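K.L.:
Okay, so the sequence shown: first residue is 1 according to the UniProt record's numbering, each after it adds one.
We treat Cβ as the ideally placed atom computed from N, Cα and C, and that holds for glycine.
None of the values given here were measured: they were computed from a predicted structure.
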Amino acid sequence: MTLPSRSLVLNAFIYPAGHHEAAWRYPQSEPHRVTDIRLYQEIARRAEAAKLDAIFFADAPVLDENIRYAARHRLEPITAITALAAVTERIGFIATASTTYYDPYNLARLFASADHISGGRVGWNIVTTSVDRAAANFGLEKHPVHGDRYRQAAEFVDVVTKLWDSWEDDALVVDPQSGLFAETDHIHPIEHKGEFYSVQGALNLPRSPQGRPVYVQAGSSDDGRAFAARHAEAIFTAHQSLESAQEFYADIKSRARGQGRNPDHVKILPGLSPFIASTEAEARALEDEFNALIQPEFSLQQLRRMIGVDLTGADLDAAVPRDAVDATRARAASSRHQLVLDVIDRENPTLRQLLHRLAGARGHKVIAGTPEQVADWIELWHLNGAADGFNIMPPYLKGGFDIFADEVVPILQRRGLFRLEYTGSTLRDHYGLPRPESLYSARRREKASA
1 MTLPSRSLVL NAFIYPAGHH EAAWRYPQSE PHRVTDIRLY QEIARRAEAA KLDAIFFADA
61 PVLDENIRYA ARHRLEPITA ITALAAVTER IGFIATASTT YYDPYNLARL FASADHISGG
121 RVGWNIVTTS VDRAAANFGL EKHPVHGDRY RQAAEFVDVV TKLWDSWEDD ALVVDPQSGL
181 FAETDHIHPI EHKGEFYSVQ GALNLPRSPQ GRPVYVQAGS SDDGRAFAAR HAEAIFTAHQ
241 SLESAQEFYA DIKSRARGQG RNPDHVKILP GLSPFIASTE AEARALEDEF NALIQPEFSL
301 QQLRRMIGVD LTGADLDAAV PRDAVDATRA RAASSRHQLV LDVIDRENPT LRQLLHRLAG
361 ARGHKVIAGT PEQVADWIEL WHLNGAADGF NIMPPYLKGG FDIFADEVVP ILQRRGLFRL
421 EYTGSTLRDH YGLPRPESLY SARRREKASA
């Protein structure tokens, strides 16, 4: 095997209290600090010392209905990352924001501001929101259907891109001698009129240090894959097997190439939640300790959200009721739904075993082992066409992240798989992505050469 031309991408994916659904009950967890920005500042500084690419925050514009049994409240991520940027210098930050429940101009301004504040270290995780209940928080009678949300998202991204590009790079002159502050011919009203949006523009901020924040996407349905191939520069995904990850990797790279894009500029980043200890037996015992803390009522609600079947009252120690599950196959539109079906088909678990499999990271890969074994697994997927890197999902905070940074990252560095030092200052630099030219600068250049 030959090493890829670029080192691994490693993000820390931060979730309230940790990714295991019972993390808040673990004695070494810190659930009382979910809204304490100092916790995330500590993690950010530790991640930067380990030379990680970025810290990622998921989000949804609705309170999780399972708050009774798990830590599911959170800080608004765009606000939070500006506070983290103030105490770091190089590490990137990725915040989630919905195209269904944001306004394009406001979102463009928020992310552009964060990119200026951080010196070019910001990415936008583009989601359409899958939670139906969110609609009621925004005065809507119902949540848009899947296909409509992706059509709206495509136009939303188009509008935001135009807004971020509406100032050409040389628009800001600031020449006291001549009295010219800005070259207004290089600042463009976008004058967008489409199916969903009418936006005059221009943005009331100059172009950000990266040109545009990095575009990140997390959907793996067919609509999600098509959207990602056109827009995404990094894709967060969930896979349980090497073969599934390889299929997704090859498909996305092929689709990106079909869009006329360089496939190396689309980073595929599966989620990985590692339980790490000095021996494999100790790591598995740690995972078992977490699984013993789950609340079955919460776990069954999570399963119902994933596959749309209510198994409340079913025998946890009997096989998963196949009749009820099989009835959902025809409507398995989401990638997470299909992932659960694949686990059931492949492993034939009891219902309790299935709940344990999903408790660790909501369908993302969970492994238990020594630091060397975790590094081996990362290397295997990275060198065999399954991943450009990973979203590391600590089972609990902040110790679950510290042990990865302290024990696994140095192994990856010794193997030449991960950087020893940052070589750039922006998130695009870390990911090996080009700084895009403004759409309006490109048009000006094309017009001049015609």
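What is the C-beta distance between R72 and P16, in whole angstroms, given that I count them as a contact (C-beta under 8 Å)?
P.N.:
At roughly 6 Å, the Cβ-Cβ gap stays under 8 Å, so R72 and P16 are in contact.
K.L.:
What does the alpha-carbon distance come out to for the pair M393 and I268?
P.N.:
Cα-Cα distance, rounded: 16 Å.
K.L.:
Is it buried or exposed for P176, if we count other Cβ within 10 angstroms and need 16 for buried?
P.N.:
Flag for P176 reads exposed.
K.L.:
Residue 487 to R90, Cα distance in whole Å?
P.N.:
Residue numbering for the chain in the displayed model covers 1 to 450; residue 487 lies beyond these limits and cannot be assessed.
K.L.:
If you reduce the DSSP assignment to three classes, tell me which class V9 lands in.
P.N.:
V9: strand per DSSP, three-state reduction.
K.L.:
Pick helix, strand or coil for I14, following the three-state DSSP scheme.
P.N.:
Note: I14 maps to strand in three-state DSSP.
K.L.:
CA-CA distance, K447 and E168?
P.N.:
Roughly 15 Å separates the two Cα atoms.
K.L.:
Specify the secondary structure class of I307 as computed by DSSP and reduced to three states.
P.N.:
The answer is helix: DSSP assigns I307 an H, G or I state.
K.L.:
Between the Cα of T100 and the Cα atoms of V145, R45 and T35, which residue gives the shortest distance?
P.N.:
Nearest of V145, R45 and T35 to T100, Cα basis: V145.
K.L.:
Let me confirm a value: K193 is counted as buried when at least 16 other C-beta atoms fall within 10 Å, else exposed. Which label applies?
P.N.:
Label assigned to K193: exposed.
K.L.:
My output table needs one value for Y215: the three-state DSSP class, helix, strand or coil.
P.N.:
Y215: strand per DSSP, three-state reduction.
K.L.:
Taking a contact to mean a Cβ-Cβ separation below 7 Å, would you say A386 touches Q246 in this structure?
P.N.:
Cβ distance < 7 Å, so A386 and Q246 count as in contact.
K.L.:
What span of residues does the beta strand (DSSP E) with F290 cover, start to end?
P.N.:
From DSSP, F290 is part of no beta strand (DSSP E) but of the alpha helix (DSSP H) over E280 to N291.
K.L.:
At 4 residues or longer, and completely inside the region 61 to 141: list those alpha helix (DSSP H) runs for me, N to C.
P.N.:
With a minimum length of 4 residues, the continuous alpha helix (DSSP H) runs that stay inside the region 61 to 141 are 77 to 85 and 104 to 118.
K.L.:
Taking buried to mean at least 16 other C-beta atoms within 10 Å of its own C-beta, is H20 buried or exposed?
P.N.:
Buried.
K.L.:
So which of N348, G119 and P61 has the shortest CA-CA distance to I81?
P.N.:
Comparing Cα-Cα distances from I81 to each of N348, G119 and P61, the minimum goes to G119.
K.L.:
In three-state DSSP terms, what is V266?
P.N.:
It is coil, neither helix nor strand.
K.L.:
Is the Cβ-Cβ distance between A135 and K142 less than 7 Å?
P.N.:
Yes.
K.L.:
With contact counted as at least three CB pairs below 8 Å, one residue from each stretch, are the region 285 to 299 and the region 376 to 383 in contact?
P.N.:
No: fewer than three Cβ pairs fall under 8 Å.
K.L.:
Kindly indicate which three-state DSSP category H20 falls into: helix, strand or coil?
P.N.:
Of the three classes helix, strand and coil, the one that applies to H20 here is coil, per DSSP.
K.L.:
Does DSSP put P274 in a helix, in a strand, or in coil?
P.N.:
Reduced to three states, the DSSP call for P274 is strand.
K.L.:
Are E233 and L433 closer than 7 Å when you measure CB to CB?
P.N.:
Cβ distance < 7 Å, so E233 and L433 count as in contact.
K.L.:
Any idea if G211 is buried or exposed, counting beta-carbon neighbours within 10 angstroms, 16 or more meaning buried?
P.N.:
Counting Cβ neighbours within 10 Å, G211 comes out buried, since at least 16 surround it.
K.L.:
DSSP beta-bridge partners for S208?
P.N.:
Paired residue(s): G211.
K.L.:
DSSP three-state call for G194: helix, strand or coil?
P.N.:
The answer is coil: DSSP assigns G194 none of H, G, I, E or B.
K.L.:
How long is the line joining the alpha carbons of P436 and P395, rounded to whole angstroms?
P.N.:
Between P436 and P395, the C-alpha separation is close to 36 Å.
K.L.:
Since I367 and L293 should fall inside the 8 Å C-beta cutoff, what is the C-beta to C-beta distance between them, to a whole number of angstroms?
P.N.:
In fact, because the Cβ distance is near 19 Å, the residues do not count as touching under 8 Å.
K.L.:
What are the boundary residues of the beta strand (DSSP E) that includes A182?
P.N.:
L180 to A182 is the extent of the beta strand (DSSP E) around A182.
K.L.:
If you compare alpha carbons, which of W377, D59, I344 and W24 is closest to L8?
P.N.:
Per the Cα distances, W377.
K.L.:
Go ahead and pull the three-state DSSP assignment for T161.
P.N.:
T161: helix per DSSP, three-state reduction.
K.L.:
Give the DSSP-derived three-state secondary structure of K398 in the structure shown.
P.N.:
Three-state result, K398: coil.
K.L.:
Have a look at A330 and L339 and give me their C-alpha separation to the nearest angstrom.
P.N.:
A330 and L339: Cα-Cα distance of roughly 14 Å.
K.L.:
Could you pull the DSSP bridge partners for L172 from this structure?
P.N.:
Paired residues: A182.
K.L.:
According to DSSP, what are the bridge partners of I187?
P.N.:
The partner list for I187 (beta bridge, DSSP) reads W167.
K.L.:
For residue 499, which residues in the same chain have their Cβ closer than 7 Å to its Cβ, ignoring the five residues on either side in sequence?
P.N.:
In the structure as shown, the chain begins at 1 and stops at 450. Residue 499 is therefore absent and cannot be evaluated.
K.L.:
Here's the rule I'm using: 16 or more other beta-carbon atoms within 10 Å means buried, otherwise exposed. How should N291 be labelled?
P.N.:
Result: buried.
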